[in-house]
Every structure is written in C-alpha cells, then in structure tokens.
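Residue numbers (this note's numbering), protein chains in the order written: chain W, 1 to 309; chain G, 1001 to 1319.
Virtual Cβ for every residue (Gly too), placed ideally from N, Cα, C.
Below: the structure, in structure tokens.
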C-alpha cells in the first residue's frame, strides 16, 4: 500500500473528513490528540517506548542481564556501564531494560484477563438481576473487603510453595482475579443502564436469548468503558507487580524492577546509591506514562467520566 | 437513622460471613486439593512421612470430618475469640495477634493522619491560588506521588540517609508501653511515609472541592461582610469542602492498611502484614486465614464508620 507524501497529507487534511485516506485520518487524530492532551501524548510515547524496550530487550541491552563481572562490581555510572553495576558486576541498565519485560507482561496480561472477566461478570450480573445479581454483588463486596495486596500476598505465597509454577503467570492470574471484582462494579452499573434502554427491550420482545442480548446488544455499548477502565488500571497493576517482586513474590532468575530494590540488596545500595535510585525511577516513569495515557484516553473516549480523578 | 445503622450493620455481617467462606474455601479446600493440607506440611517440616502418624494427626486436627463440620468448628472457635495455633511454633495466634494488630493499626492511623496533614493544606493553597505556581507545583506533586511507589521513597530515605547523614532507622522494636521514646523513633518514619501515596488523591479532591465551594454565593456574602480571607477560607469554605474528602479517605484505607505489610517488612516492625508475609511462605494455614480475616474486619469496620460519619458531618443527610 502506497502511503501519501507529506504534501498530500497536508492537502488531504483539508478534504472533508470522510474523503480523507485512512492513514491521514489516523495521523490527524494523533496530532489533535497531541495538541489537546499533551500529557496524555507524552504518556502514550512512554508506553510505546516501554513496550518496544520489552520486545527488543535482547537487542538494545548493552550486556546480557545476568553477565557476572566481579572485577567491576558496585561501579558508579561510567561509559562502559551507563547506570553502574550491582554487587556481582551485572550491568544495571541492561537489567532495567530486561525488567521492562515482566512489568509489561504482567501489566497487559493481568489487565486483559481482569477486564475481560470483569466485563463478563458485570454484564452477567446486570442481566440476571434479582437474586442472582444480589448474590454476585455480595461476593464482590466480600472480595473487596480484603485489601488487594493482602490477597495477592496470600495467593502468590501459596503459589510459590507449589512445585512447577511459573510465578510470572501466577502473578498475571492473581492480579487479574483481583481486577475482576473491582472493575465488574463499574461495568455492571453501565450494563444496568443499557439493559433499561428500549432497544434491549425490543430485542427481548423479538425473542433474543441471554447470550445474544449480552454479547450483541449490551457488550458493544459498554466496550468503551471496559477499554477505559482497563487502560486506567494499568499503572496500578505495574505498581502492584513492583511491590510484589519487592517483597520477594516475583519470579526468580529474571530481573524485575521491584526485585532490584528488594531488601537483601540494601547494604550494597548505600555503597552504590544508583542501585536504589534507577529501578525506582523506572517504575515511576512507567506508572506515570500509563496513568497519563489512561486519563487522556478516558477523556477522549468517554466524556461522561471526565474529571473523575 | 436507626434503621439505616441496623441495615449497614447487617450488610457488614453478611460481607464478613462471605469473607470467611472465601478464605475457608481457598485455604482448606482448594490448596489441600491442589497441593497439600496442614498435616502434609507438618510432616514435610519434620521429615516424617509415616502414613499412620499422618492419619492420626489428621483425626486430631479434625481434617477427617466433613467440610461443613470443619467450617462450623472454625467459625465456632472464631466467635469465641480463638484463632487457633500456628502450625510451626504452636503458639496461640490470638495472643500473637493482639500485639501485632496494635502495631498495624497504629501505623495505619498515623499514616492516615499524616496524609490528611499533607494533603489538606496543599489542596487548600492550590485552590486559593488557582492557576498560579503553587497550584501547578502541588498538582505536579500529586501526579508524582501517584506514580512513584511509596516503598521506594522509604528505601531512598534509608539509603541516602545513611550515605549523607550517617542515619539509619533503629533495628530494635519496642512497644509503646515498654519504651515510648524508642517506639516513636522507630514508628514515626514509616507512618509518615505510608501517608504519602493516599495524599495524591486527597490533594486533588480537596482542591476540586475547595474550588467548587469558593465559587458559591455564601462565600461572596462572607467576603462582602468584610471577613478576612483567612476566616472565609478556613471557617466558611473548608468545612463544607471536607465532606467528600471523608469518602476518599475511607476509600484509601485499604491502600493504607495493605501498605503496612510492605512497610513492616522494610522497617522490621512486628505487625500483621509481616506476620502474613512470613507465614505464607510456610503455608501456615491458621495464621494466613486469621490475618486475612482480621484485615477484612478492619476494612469493613472502617467503611461502616465512614458511611455513618456522613450523617454526623452533614446535617442535610438523614437516612
């Protein structure tokens, strides 16, 4: 497919919206997004760079993340090691780059699982109504009465004891389950509003069954909300992953940002403060990027929710 | 009002009942089926795999009974205030929990106070000086507080404190009734830092609420009467702006309480969160179940308090 030149793009910008070629429309939308939501645009760039970093970690990282080099242990930033090295001479920058993998994997994985589950649970609860709805909601209440991090520590602590469990996957599932309860509330209330509309009643009158109403009539209407709540929750999930890895419930072997800050490295941190500073900055940057992008996306996709935060 | 209180109380009881079901199902049904029950773990710990002995132990622990019966006997013990015994050191959990609960609750409460002390002044100043530099500074602060993990701030303080000032947090924990000075020394820093994360949301909500209230007619009336700016902001506006702040405070309680688990680990405080973190590695069922349940009780009770405090704070709300 031949993409239009810049001159054509600018010209095409003046065409009526429907006649503009698709890439031009996308570009124009992006430009207006950048102008209206500069912070959100910055967030989007951070998110995209992090995803690229995670995907290309092997290619970008200057050293293998586990390369031990005891002669150069606990070094400060230098030309060879831009962010210094840890007690075993492992390159901090390379470990940070590889650490992006777990953050992105857990972040997107848990949110995909959680938001899908939340959409299904929320809509089903709204569709059932009456006793079914009440029962589901009381269980959601109970699930939410336990602090999230405590549930996660419990689930992952147990998973850690079991043999042959992939802790990254365990983290995705545990955080995903946690998201289901919280987000299903929001989805349920939107689904309840949709259930009350005349067209759903019409579909019912035409004899549409439960799955058809749920998937064809209600789901498409709450989908933007699902997307928005999913994006907004990404920052928090990355923070949760970092906290859990920090407490030692993350995967062994693979570097992760939280684990780099963990307590057993504390005495080395006072010798080389970079070890304490850089992983935290990485977490902060990622969470900031996702938060800003999520907020902006919410404002663009769902004006009703504007100014919630 | 009375009816509302009763309704809320009943809902709280139902919620806690379901929490016990979730906790019981997870730890006494799912985990034993998927991995190991209490006796397997004890046997593994002592390196004894004698099936007869294990069978005898199972009977002793009541694990051979039917599940509903096991559940009922657990609930019966709970209602009598007996949380059972740790599988590992055999100590009564109830005794252990009392001192640990005190540490965690103190940490959470001081954290709550610190977040209010940080966020209310910043939010008020940001609103009064809207779109001037303090407003931008404090809003940026809120965004940064939202992005940065609070445990990282704690680590930075510890690490940089030792590098620059040769300062380190004390290692020996002392209860407040044993050595009040040592107690405050070790608790103050973590309690203050825990309050940082919830402050982010609070700064924003205080600011928006103040902006809304400051535009109302009665504020203009107060100014027209010739009251000082200070009196208008603090006595007339702030009071009315604070109601939604209570909601956000209530909502941030789970974050605060869960945060104690992290901060107890960093600062070596013997609280509930650390109790859970250390026993979950041993699959010490009774301790895991008790800590989860008590955390849930704390949250349900504080939610109840938040809901009931509306009626007290806002005379317009009558149930």
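Nearest residue (CA-CA) to residue i, options the options
i                       : options                        : result
residue 1170 of chain G : G/1200, G/1227, G/1006, G/1181 : G/1181
residue 66 of chain W   : W/82, W/44, W/33, W/89         : W/89
residue 168 of chain W  : W/146, W/109, W/225            : W/109
residue 1021 of chain G : W/231, W/138, W/75, W/257      : W/138
residue 300 of chain W  : W/29, W/20, W/165              : W/29
residue 1073 of chain G : G/1117, G/1028, G/1037         : G/1028
residue 49 of chain W   : W/104, W/95, W/82              : W/104
residue 1077 of chain G : G/1162, G/1286, G/1222, G/1196 : G/1286
residue 1093 of chain G : G/1275, G/1228, G/1059, G/1304 : G/1275
residue 228 of chain W  : W/38, W/246, W/116, W/146      : W/116
residue 63 of chain W   : W/82, W/274, W/245             : W/82
residue 1051 of chain G : G/1039, G/1062, G/1256         : G/1039
residue 87 of chain W   : W/180, W/276, W/232, W/236     : W/276
residue 240 of chain W  : G/1147, G/1058, G/1209         : G/1147
residue 1280 of chain G : W/261, W/151, W/76, W/223      : W/151
residue 1247 of chain G : G/1150, G/1138, G/1211, G/1112 : G/1112
residue 96 of chain W   : W/132, W/69, W/57              : W/57
residue 280 of chain W  : G/1174, G/1151, G/1249         : G/1151
residue 1035 of chain G : W/260, W/140, W/160            : W/160
Beta bridge counterpart(s) of residue i as assigned by DSSP
i                       : result
residue 91 of chain W   : W/85
residue 1085 of chain G : G/1092
Residue i to residue j span [Cα, whole Å]
i                       : j                       : result
residue 59 of chain W   : residue 53 of chain W   : 9 Å
residue 1200 of chain G : residue 1143 of chain G : 7 Å
residue 310 of chain W  : residue 1087 of chain G : Chain W is shown from 1 up to 309; residue 310 of chain W falls before or after that span and cannot be answered.
residue 1216 of chain G : residue 283 of chain W  : 41 Å
residue 205 of chain W  : residue 217 of chain W  : 13 Å
residue 309 of chain W  : residue 271 of chain W  : Unreliable positioning characterises residue 309 of chain W in this predicted model, as indicated by a pLDDT of 42, which lies under 50. The coordinate reading is nonetheless provided below. Between residue 309 of chain W and residue 271 of chain W, the C-alpha separation is close to 40 Å.
residue 195 of chain W  : residue 201 of chain W  : 8 Å
residue 986 of chain G  : residue 266 of chain W  : A query on residue 986 of chain G cannot be resolved here, the shown segment of chain G reaching from 1001 to 1319 and no further.
residue 1015 of chain G : residue 1303 of chain G : 12 Å
residue 1122 of chain G : residue 1168 of chain G : 29 Å
residue 197 of chain W  : residue 1290 of chain G : 46 Å
residue 1306 of chain G : residue 1095 of chain G : 29 Å
residue 100 of chain W  : residue 1218 of chain G : 53 Å
residue 80 of chain W   : residue 72 of chain W   : 10 Å
residue 269 of chain W  : residue 1110 of chain G : 28 Å
residue 1018 of chain G : residue 173 of chain W  : 22 Å
Secondary structure of residue i, DSSP reduced to three states
i                       : result
residue 1092 of chain G : strand
residue 1223 of chain G : helix
residue 1167 of chain G : coil
residue 1282 of chain G : coil
residue 1176 of chain G : coil
residue 121 of chain W  : helix
residue 33 of chain W   : helix
residue 1035 of chain G : coil
residue 167 of chain W  : helix
residue 61 of chain W   : coil
residue 101 of chain W  : helix
residue 1011 of chain G : helix
residue 1242 of chain G : coil
residue 250 of chain W  : coil
residue 279 of chain W  : helix
residue 162 of chain W  : coil
residue 1187 of chain G : helix
residue 208 of chain W  : coil
residue 264 of chain W  : helix
residue 196 of chain W  : coil
residue 271 of chain W  : helix
residue 1148 of chain G : coil
residue 1140 of chain G : helix
residue 76 of chain W   : coil
residue 1049 of chain G : coil
residue 1132 of chain G : coil
6 Å Cβ shell around residue i - same chain, five flanking residues per side excluded
i                       : result
residue 122 of chain W  : 184, 187, 188, 191
residue 1024 of chain G : 1071
Cβ-based neighbour list, residue i, same chain, cut-off 7 Å, excluding 5 preceding and 5 following
i                       : result
residue 1135 of chain G : 1126, 1129
residue 34 of chain W   : 41
residue 76 of chain W   : 84, 272, 274
residue 1153 of chain G : 1193, 1196
residue 179 of chain W  : 110, 111, 114, 115, 118, 233
residue 1165 of chain G : none
Beta-carbon proximity list for residue i, same chain, < 8 Å, skipping 5 on both sides
i                      : result
residue 157 of chain W : 249
residue 212 of chain W : 203
Listed by chain order, chain B residues near residue i by CB distance under 8 Å
i                       : result
residue 1261 of chain G : Note that chain B does not occur in the displayed structure, where the protein chains are W and G.
Closer than 6 Å: residue i CB and nearest the ligand ADP heavy atom
i                       : result
residue 1073 of chain G : Among the components modelled here there is no ligand, and therefore nothing to report on the ligand ADP.
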